[in-house]
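Each residue of the sequence shown is one higher than the one before, starting from 6 at the first, in our numbering.
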Amino acid sequence: MGKRTPIGVQLGGLLGSVIALMVLLLGIVLYEFDTTSGAYQHLLSVTVDNSITLLRAEDDFHQGLSELRSYVVTRDSAAASRTEEALKKAEEQITRFSENAVNPDSKQLGQQLRTGIHEYNEHSKRVIAAHQSGDSNAYEAARSELYKRTEDVNNLFEKAADVQKQVRTSQMEDLNDNAHHIFIIALVASLVGIAAIIACATWYARRLASRLIKLRGEVGKLGKLDLSFAAARATWNDEIGDMANELIEMKDALHEIVRSIQSEADGLSRASDALSNSVQSQMQVSESIAHTITDVAADATRNNDSIGEISTAIEQVSARTQEMSASGTYVTQTADDAVADAKGGMKYIRELVQQNETVGVSMTEISRVSEQLVTGSDAIKNVVTTIREIAGQTNLLALNAAIEAARAGEAGRGFAVVAEEVRKLAEESSSATNEIEQTIGRMIESIQVAAGAIANAEEKVDASKEVTVETEKSFNSIQKRLDDVRANIAQISKAVDETASDMQAVVGNVQSIGAVAEKTGANAESVAAASEEQSASLHDVSDSAEALAETASKLNDITSKFRL
């Protein structure tokens, strides 16, 4: 296995990828929106401001023309001063317009207007001077020239207004194209991001489900005492991989335990058969002693030899009994080890339950983060709502401005044009906010789909918990059966110890018989009684051997339930 990657880190990486895609999408939208905002700002601060400056210059020019007419009628010197001031103010406004103009045509027309207004101001002074001197011919000539220049300046104002309108129209078209471009970018990025998120989540969920299904199958086989399945080591270094590897180790340990118990049971069965055969031989010898007891007195030497043979045979039986006792002790220790391994398996199962709880907590945390994303999207919707309200207020202000411009008549015509453009901008801003709100709505729906997938994963985690509980019950059953095996082995060991004790008693009796035979050959009745006691003891040993064989058979029955 490679570098360890816990499930929490895997889920965190998946969630981080989702967040990164969303942040990237938001960054793209914000960048394009900032670019568009800069273009709108340039339109309002430069183009629209220049248009307003041009209108103000035209108003000042008309104001100067009106004051000049007032002077001609009233000969008021104050009107002459106001004429000069209004024309100078118009010239200053045109100078500002020319300096701030970006379009070459606007700049050229601004320079022509500045020159024309300057010359018009000079001719108006001549008209005033001729009127004051009373020279009617000079006055008429100057007035006629001034009238022509008035027409020229008005034409220049109209041309400049047309050029400004074309500039505004061109910039508005560029802004509309840019807004459409932003919408296309946001739509494509959203679709690509959502597709990538769905693909990653689907792949990870299927991978996780297949690993859990495989682990559940192996646990089910182990619960049915099937140890014959071939289990491969986990390829992913995470919590599920740890559970799979620990399950393999537990299966191998159980396999070795069952093999050991079967081997010991077979050895115990063979030892009991050997003991039974030996006891049968001893019983035959005892019967032979009973038949020949009448010859003991006549042939003491032969009797002593027979007693020596009996003593040797019984010592062999005693030695075999001690070997069986040692084997019983080993089997008991093996059973204790099996119980300890079963307890270790229970510990692993409990750790599996705890790990499932940890996965459940991680799923809950993912659900909480998804809810936070929905909350953040709602906050963005609130901001969009605020922008839409501002656009509505701007539209209302533009309408009010248009009404006021209509009341102003010819002097407010240029301001009415500006108000209409502002109203259009407000409507376009409202439309853009609606598109943003729809995009955010689709994002919320995608997040809710992801939340549904997470809920499905939580259900699978709950199913894994149920399988783990069933596995724990299976291990409890295995531990109980191993306790029964240990109890049976303890009984076998006790029976073997009793057999060894009885064999020691038999050895003592035979030695007593030999001593009596050496002392006197006349005690045949004592020898016959001892022979009967020996026969009874051998019957007991035979019964113990049968019990030992039965215990070995039970052990084989228990281990046969395992499939190796």
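C-beta: ideal position from N, C-alpha, C; glycine also.
Every value quoted in this text rests on a predicted model; they were computed, and no experiment measured them.
Considering only residues of the same chain and omitting the five flanking positions on each side of Arg-238, which have a CB-CB separation below 8 Å? Met-6, Ala-249, Asn-250 and Ile-253
State yes or no: is the C-beta of Ile-33 within less than 8 Å of the C-beta of Ala-191? yes
Rounded to whole angstroms, how far is the Cβ of Arg-9 from the Cβ of Asp-243, which I believe are closer than 8 Å? 7 Å
In terms of alpha-carbon separation, which member of Ala-552, Asn-481 and Ser-506 lies closest to Lys-229? Asn-481
Which residue from Arg-221, Asp-342 and Leu-217 puts its Cα closest to that of Ile-262? Asp-342
Measuring straight from C-alpha to C-alpha, what distance separates Gln-98 and Gln-117? 13 Å
Hey, Val-158 and Tyr-144 are a contact pair by Cβ (cut 8 Å); roughly how many whole angstroms apart? Their Cβ separation, rounded to whole angstroms, is 20 Å, which puts Val-158 and Tyr-144 out of contact at 8 Å.
Between Arg-428 and Leu-404, how many whole angstroms is the CB-CB distance? I'm expecting something under 8 Å. 6 Å
Pairs of beta-carbons, one from the region 433-449 and one from the region 186-200, closer than 8 Å: are there three or more? yes
Secondary structure of Asp-140, DSSP reduced to three states: coil
Out of His-136, Glu-37, Ala-279 and Asp-278, which has the shortest C-alpha to C-alpha gap to Asn-183? Glu-37
Does the distance from the C-beta atom of Glu-63 to that of Thr-88 stay below 8 Å? no
Proximity to Lys-256 [Cα-Cα], best of Thr-41, Lys-226 and Arg-80: Lys-226
Cα-Cα separation between Ser-175 and Ile-449, rounded to whole angstroms: 37 Å
Could you work out which residue in Gly-246, Ile-189, Thr-438 and Leu-430 is closest to Leu-30 when comparing CA atoms only? Ile-189
Straight-line CA distance for His-575 to Leu-92? Given a span of 6 to 569 for the chain in the structure shown, any question on residue 575 remains unanswerable.
By how many angstroms is the C-alpha of Leu-151 removed from the C-alpha of Leu-136? The amino acid at residue 136 is misidentified as Leu; the sequence shows His. Each residue's alpha carbon lies about 13 Å from the other.
Taking only runs that begin and end inside the region 72-118, name each unbroken alpha helix (DSSP H) of 4 or more residues, in chain order. 82-105
My output table needs one value for Asp-243: the three-state DSSP class, helix, strand or coil. coil
For His-186, the nearest candidate out of Lys-112, Ile-245 and Thr-41 (CA to CA): Thr-41
Taking Arg-119 and Glu-96 to be in contact with their CB atoms under 8 Å, please state how far apart those CB atoms are, rounded to whole angstroms. 6 Å
Answer yes or no: do Leu-114 and Leu-161 have a C-beta to C-beta separation smaller than 8 Å? yes
With distances taken Cα to Cα, identify the nearest neighbour of Ala-85 among Ser-129, Gly-21, Glu-104 and Ala-106. Ser-129
Ala-554 to Lys-219 span [Cα, whole Å]: 42 Å
Is the CB-CB distance between Thr-58 and Arg-173 below 8 Å? no
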